[in-house]
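Asker: If you scroll down you'll find the structure; I have some questions about it.
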Amino acid sequence: MGSAISSLSAALSSTNAQDYDIVLTWHLLFRTLHRGTDTRLGLPPELILNIFRLAECTIPDYTLYAESNRPLVVRAHSAELQRVFWFASPPFDAVTLGRLHSVQLRTHSHHQGWIDDLSAGVWSWFELALERPTQENQEHFALVSDVHSQKALSWRSHTNPAEARNPTYLAGEVFGRDHPLWQHMRPGDRIVVFVCAQFSGWKNNALEGELNVWRFFEPLLY
99 MGSAISSLSA ALSSTNAQDY DIVLTWHLLF RTLHRGTDTR LGLPPELILN IFRLAECTIP
159 DYTLYAESNR PLVVRAHSAE LQRVFWFASP PFDAVTLGRL HSVQLRTHSH HQGWIDDLSA
219 GVWSWFELAL ERPTQENQEH FALVSDVHSQ KALSWRSHTN PAEARNPTYL AGEVFGRDHP
279 LWQHMRPGDR IVVFVCAQFS GWKNNALEGE LNVWRFFEPL LY
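Everything in the sequence shown is counted per this note's numbering, starting at 99 for the first residue and increasing by one.
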């Protein structure tokens, strides 16, 4: 019991005030449902966990949080795609993968500041991809490729909008459990962030970025 209480204390102390309230609320609700009352029998933990998952009761997973405050500028000079690694998450283990709910990239970024032809589209964006430890060295990672095309798998998170002529805080797509990214992920893989630009004149100015991961709530004690 002592170690469980210590784990709970550590989990709560590592969160900000808003997340602290969420974690504490889920713990109290789980304990109430499990213990029951004088007039109602308690529910088995397995059933409560299923209810929590159906209700999408999630909490941030700070062990997988990743960020970069290293500015990166990617310039395109032709139709050739420019895709540059920015930063990566820690590796995901098997237990973590079973609890995952979603991941989202947020950036402070902008394009080159001018656009000649809006009808031609916006070509300054961010992608997420997967890297897997190599068989030769588990400390070295290589991009995960599609088994059929042998092309590296990547998914667009978000684009610097046309109006983002100056640094803008942007939230990318939420990659939920039904997203193909999770279907290709294996224990030991990590998520990497790429800064992209394409076609002459286009630029992606990435100033700051953070990768947020959420997992389904599971109690540390009850």
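Note that beta-carbon positions come from the ideal geometry of N, C-alpha and C, so glycine has one too.
Computed from a prediction, not measured in an experiment: that's the story for all the values here.
Using the rule of at least 16 other Cβ atoms within 10 Å of the residue's Cβ for burial, across every protein chain shown, is SER104 buried or exposed?
Answerer: For SER104, the pLDDT reaches just 41, beneath the cut-off of 50, and the residue's location in the model is therefore unreliable, although a value from the coordinates is still provided. It is exposed - the Cβ of SER104 has fewer than 16 other Cβ atoms within 10 Å.
Asker: Taking 6 Å as the limit between beta carbons, can you name the residues of its chain near VAL220, skipping five residues before and five after?
Answerer: THR257, ALA260
Asker: Measure how close the beta-carbons of ARG284 and PRO188 come, nearest whole angstrom, since I'm counting them as under 8 Å.
Answerer: 15 Å between Cβ atoms; not a contact.
Asker: Sorted by chain position, which residues of the same chain lie with C-beta nearer than 6 Å to LEU309's C-beta, five sequence neighbours on each side aside?
Answerer: ALA164, SER187, LEU203
Asker: Enumerate in chain order the residues of its own chain whose CB-to-CB distance from SER112 is below 7 Å, with the five nearest sequence positions on each side excluded.
Answerer: Note on SER112: pLDDT 48, under 50, position unreliable in the model; the coordinate value appears next. Excluding sequence positions up to five before and after SER112, its CB lies within less than 7 Å of the CB of TYR160, all in the same chain and listed in chain order.
Asker: Which whole-angstrom value describes the C-beta separation of ILE146 and LEU170, a residue pair presumed to lie in contact below a C-beta threshold of 8 Å?
Answerer: About 44 Å separates the two Cβ atoms, so there is no contact after all.
Asker: Could you give the first and the last residue of the continuous beta strand (DSSP E) run that contains ASN148?
Answerer: Premise fails: ASN148 lies in the alpha helix (DSSP H), 143-152, not in any beta strand (DSSP E).
Asker: Do LEU195 and LEU228 come within 8 Å of each other at the CB atom, strictly closer than that value?
Answerer: no
Asker: Given ARG151, which residues of its chain have a CB within under 6 Å of its CB, disregarding the five upstream and five downstream residues?
Answerer: The answer, listed in chain order, is PHE314.
Asker: Check THR286 in the structure and name its three-state DSSP category.
Answerer: Reading the sequence as shown, one finds Gly at residue 286 and not Thr. Coil, per DSSP.
Asker: Report yes if the C-beta distance between ARG173 and LYS301 is below 8 Å; otherwise report no.
Answerer: yes
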